[in-house]
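Asks: Numbering (the numbering used here), first residue to last: 8 to 78.
One structure, as structure tokens, below. Some questions next.
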Amino acid sequence: MFWERFEQLCNNIGSKPNPIVKELGLSNSITTKWKKGAIPNGEILLRIANYFDISIDYLMGRTDNPNSHKK
8 MFWERFEQLC
18 NNIGSKPNPI
28 VKELGLSNSI
38 TTKWKKGAIP
48 NGEILLRIAN
58 YFDISIDYLM
68 GRTDNPNSHK
78 K
């Protein structure tokens, strides 16, 4: 679920995952792990959520509302 959401978020802004990962200060090799089902740690999830201004729950598939963190 995480990889699909992350990839879609990248596509939504007209980018691909690797440039976003690089912008977040991460290694491009991490995308291969994510594609295979690995889940980022909490710090990285927070960075991604902040980058896209979405909730971590959305990234993890716990909600379909990317704005569930906003009141």
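Note that CB positions come from ideal geometry on N, CA and C, so glycine has one too.
#1: Would you kindly report the start and end of the unbroken alpha helix (DSSP H) that includes Ile-63?
#2: Suppose you measure from the CA of Asn-74 to the CA of Phe-59; what does that come to, to the nearest Å?
#3: If you compare alpha carbons, which of Lys-77, Trp-10, His-76 is closest to Lys-40?
#4: Apply the 10 Å Cβ neighbour rule to Ala-56 and answer buried if 16 or more other Cβ atoms are within range, or exposed otherwise.
#5: Got a sec, what are the start and stop residues for the alpha helix (DSSP H) Ala-56 sits in?
Replies: Looking at the atomic coordinates:
#1: 63 to 66
#2: 10 Å
#3: Trp-10
#4: buried
#5: 49 to 59
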